[in-house]
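**Q** This is the structure, below, for whatever I ask next.
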C-alpha cells in the first residue's frame, strides 16, 4: 500500500454531514461506546492491531499506512457496529482518485466484506452447515447401532429348553448295560432321582453325586445314597468352617469407614486441626456451637488444638480419646502419629 502524505489535508464537510466539533475518530469512538464494545474486541474481529484502531479514533492518520487504509478501516468499523458510515467518510481526508488508489480501495472493501460480520447478526449458512453435520453424525450412529444389533452374537438358547419347572419333578436315569461274566447282558434296575428337588438344594457336590448313573450293574442304590450323604456332610463342615473364619475376621477388623478424628461439641468450643508432613497445613479451624462436629478423614500425622475440653467429645479411629493427659487448663494440644 502506498503511503499518502496527510499533511495539509482537512476533513470534508460532505453536504453538512457530521456535527460541528466532531471528527471521524470521535464519531467512531461514539459508535463503539454506545454499543459497549471494547477496543480490543473490535480489533480482534477486524484482525488488526488495537493501536491502529486507537490511532483512527484519535485522528492520527500519520500513524496509519495511508488514507485508503484509513477509509477502509473506518468502513469496516461502521459495518461491524451497524452504524452509518457516510458521516465518518465525509469527515475523513479525501484521497486522490488515481488508478492505484481506487484499485487498493476495492481490494480493501473486498477484504472487509469477507472478514467482517455485524455483532447483531448471525451466519445462517454456518449454522446450517453445523446442523447438517450433526444430522449426518446422528444418522451414522443409528445405522451403526442397527448393524450391531444384527451382527452381535447372541448366546441365548432356546427359551423352551432353558425353562425349568419350579414344582416337584422326577426323572429316571437308565445307565447303559454292561456285559456280565456269564456272557449275558443284564440291565440293572433304574435309579430314580429324588422327587423333592429342594432336598439337594443348590449344592453342586450333591447335585453331581445324585445325578450320576450307576457305574455297574452290581452297584446297589444304597451305595449312591451313602456317597451323597457323605458329600453333604463334608460340604456342610466346609461351609461352617468358612462362616466361622469370616465371622472371626470381621470381628477382628476395625470399621473401615471410621474417620481418623471426630470432635463433637457439647457447648461453644474452638478447634484447630493441622496436617501434612510438618503438621503446618491447616485442615480445619473453626468455632463449633453445641451439637456441631468436625470430622477429619485424612491420615496422620495430625496436630490438634482444642479449647474448652470439658465441652467436647473426641474420637480417634472410632474410639473415645482422653484429653486430660494433654490438657493445660481448659486447652488441650496433642499429636496423632501415623
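Residue numbers (this note's numbering): 1218 to 1555. Note that the Cβ used here is the ideal one computed from N, Cα and C, for glycine as well. Model, not experiment: these values are computed from the prediction.
How should residue 1520 be labelled, buried or exposed, when 16 other C-beta atoms within 10 angstroms of its C-beta is the threshold for buried?
**A** Answer is buried; the Cβ neighbour count reaches 16.
**Q** When the Cα of residue 1512 is compared with those of 1498, 1488, 1525 and 1495, which residue comes out closest?
**A** 1488
**Q** According to the neighbour-count rule (16 or more other Cβ atoms, all chains shown, within 10 Å of its Cβ), is residue 1249 buried or exposed?
**A** Around the beta carbon of residue 1249, a 10 Å sphere encloses 16 or more other beta carbons of the protein chains shown; the residue is thus reported as buried.
**Q** In whole angstroms, what is the alpha-carbon distance linking residue 1515 and residue 1544?
**A** 24 Å
**Q** Can you tell me the Cα-Cα spacing of residue 1299 and residue 1500, whole angstroms?
**A** For residue 1299 and residue 1500, the distance between alpha carbons rounds to 56 Å.
**Q** Would you say residue 1516 touches the ligand MG, meaning its beta carbon is less than 7 Å from a heavy atom?
**A** Of the ligands one can find in the structure shown there are none, so the ligand MG has no counterpart to examine.
**Q** Skipping 5 residues on each side, what residues in its chain have a beta carbon closer than 8 Å to that of residue 1497?
**A** 1491
**Q** Let me make sure I understand the geometry here. Which of 1483, 1275, 1537 and 1510 has the alpha-carbon closest to that of residue 1245?
**A** 1275
**Q** In the DSSP assignment, find the beta strand (DSSP E) that holds residue 1262 and state where it starts and stops.
**A** No beta strand (DSSP E) holds residue 1262; the alpha helix (DSSP H) holding it covers 1256-1263.
**Q** Report yes if the CB atom of residue 1529 is closer than 8 Å to the CB atom of residue 1478, and no otherwise.
**A** With contacts defined by Cβ atoms closer than 8 Å, residue 1529 and residue 1478 do not form a contacting pair.
**Q** Using beta-carbon positions only, say whether residue 1272 and residue 1259 come within less than 8 Å of one another.
**A** No.
**Q** Just checking my contact of residue 1526 with residue 1547 at CB under 8 Å: how many whole Å lie between their CB atoms?
**A** Yes, they are in contact, since the Cβ atoms of residue 1526 and residue 1547 sit about 6 Å apart, within 8 Å.
**Q** Look up residue 1505 in the DSSP assignment and say whether it is helix, strand or coil.
**A** Strand, per DSSP.
**Q** Rounded to whole angstroms, what is the Cα-Cα separation between residue 1505 and residue 1486?
**A** Between the alpha carbons of residue 1505 and residue 1486 lies a gap of roughly 5 Å.
**Q** Which class does residue 1290 belong to by DSSP, given the choice of helix, strand or coil?
**A** helix
**Q** Less than 6 Å between C-beta atoms, sequence neighbours within five positions excluded: which residues of the same chain meet that for residue 1475?
**A** 1534 and 1535
**Q** Suppose you measure from the CA of residue 1257 to the CA of residue 1266; what does that come to, to the nearest Å?
**A** 8 Å
**Q** Where does residue 1242 sit, in a helix, a strand or coil, going by DSSP?
**A** helix
**Q** Where do the N-terminal and C-terminal ends of the alpha helix (DSSP H) with residue 1303 fall, by residue?
**A** 1303-1308
**Q** Check residue 1267 in the structure and name its three-state DSSP category.
**A** DSSP places residue 1267 in helix when its eight states are reduced to three.
**Q** Per DSSP, residue 1553 forms a beta bridge with which residues?
**A** In DSSP, residue 1553 forms a bridge with 1519.
**Q** Keeping to the same chain, check which residues put their C-beta closer than 7 Å to that of residue 1359; ignore five residues upstream and five downstream.
**A** none
**Q** Please report how far the alpha carbon of residue 1508 lies from the alpha carbon of residue 1481, in whole angstroms.
**A** If you take the alpha carbons of residue 1508 and residue 1481, they lie about 7 Å apart.
**Q** By the 10 Å Cβ neighbour count, where 16 or more other Cβ atoms means buried, how is residue 1549 classified, buried or exposed?
**A** buried
**Q** Alpha carbon to alpha carbon, how far is residue 1495 from residue 1555? Give it in angstroms, no decimals.
**A** Take the alpha-carbon of residue 1555 and the one of residue 1495: they are about 13 Å apart.
**Q** Check for me: the beta strand (DSSP E) holding residue 1489 runs from which residue to which?
**A** 1486-1492
**Q** The beta strand (DSSP E) spanning residue 1479 covers which residue range?
**A** 1478-1482
**Q** Restricting to Cα atoms, I'd like to know which of 1290, 1361 and 1363 is closest to residue 1262.
**A** The shortest C-alpha separation from residue 1262 is found at 1290.
**Q** Excluding the 5 residues flanking residue 1242 on each side, which residues of the same chain have their C-beta closer than 7 Å to its C-beta?
**A** 1273, 1274, 1275 and 1276
**Q** Have a look at 1294, 1552, 1353 and 1537 and flag the residue whose alpha-carbon is nearest the alpha-carbon of residue 1518.
**A** Nearest in C-alpha terms to residue 1518, of all of 1294, 1552, 1353 and 1537, is 1552.
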